[in-house]
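Read in order, the letters of the sequence shown correspond to residues 1 to 178 in UniProt numbering.
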Amino acid sequence: MQKENQRVHPYSLPVPRLNTVPIPEAVRAYKPLVKAVAKRYQGRGAEYDDLVQEGCLALLILVPKCPDPQWLALFLKNHLPGYIRDAAARLRRAHAVGKGLPFEELEEILGAEEQNYREIELRETLMRALSPDEFDITLALLEGYSQREIARTLGVSQQAVAARLKTIRKKIKKAMNE
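In structure tokens, the structure reads:
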């Protein structure tokens with residue numbers, strides 16, 4: 001009797017729930033993926049350890065951007081290599097130029113990180129002020145879904161979604177004024 005080769009499918013990785021699991025736990029859960037991708041790009045201008053660090057930073061950016069926690073493993077599998085590849089290229093250019101990054105590139109990177117910190121801070125404020133259902137409705141609205149599409153997904157009427165949005169707006173206004 002032959003034993004079938006059992007492969008670990010990337011979609012079978014544990015999927016941490018973003019509303020219930022902190023981001024550091026998600027980073028720990030997907031660190032093997034980061035290491036595998038970093039190993040693939042290690043000879044392209046950067047050392048393995050530097051690429052692992054860049055990959056962990058990319059997880060901090062990517063995990064909150066995932067539209068549906070159910071598909072986090074696939075989302076990271078598709079987006080993480082690009083971040084690590086770009087980091088390898090950036091580090092390669094830095095070594096070719098000399099000691100550091102060009103000022104314009106450093107300024108661009110810092111500006112992008114500052115924007116990401118603002119997004120993360122806003123997300124945390126919304127998560128504290130809103131219930132999980134209200135937070136999901138808010139995210140769907142921010143992603144461009146119409147009230148009708150949200151209502152269809154939730155199995156309620158469009159008027160019910162409009163009423164919930166009114167409550168959400170009040171809560172957000174109160175949280176921003178605090």
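C-beta: ideal position from N, C-alpha, C; glycine also.
Proximity of residue i and residue j at Cβ, strictly below 9 Å
i    : j    : result
I84  : L60  : no
L154 : I168 : no
Cut-off 6 Å between Cβ atoms - residues of its own chain near residue i, not counting five sequence neighbours on either side
i    : result
L139 : none
Burial state of residue i (16 or more Cβ within 10 Å)
i    : result
R164 : buried
Y48  : exposed
A73  : buried
G82  : exposed
L76  : buried
L122 : exposed
Close beta carbons around residue i, own chain, < 8 Å, minus the five adjacent residues each side
i    : result
K171 : A129, L130 and E134
A175 : T125, L126, R128 and A129
Through-space distance from residue j to residue i, alpha-carbon basis
i    : j    : result
V63  : S157 : 31 Å
Y41  : R90  : 12 Å
I120 : L33  : 23 Å
N78  : E124 : 25 Å
K35  : Q70  : 22 Å
Beta-carbon proximity list for residue i, same chain, < 7 Å, skipping 5 on both sides
i           : result
A162        : Q147
A151        : S157, Q158, A160 and V161
residue 190 : Lying before the first or after the last residue shown, residue 190 is absent from the chain, which here runs from 1 to 178.
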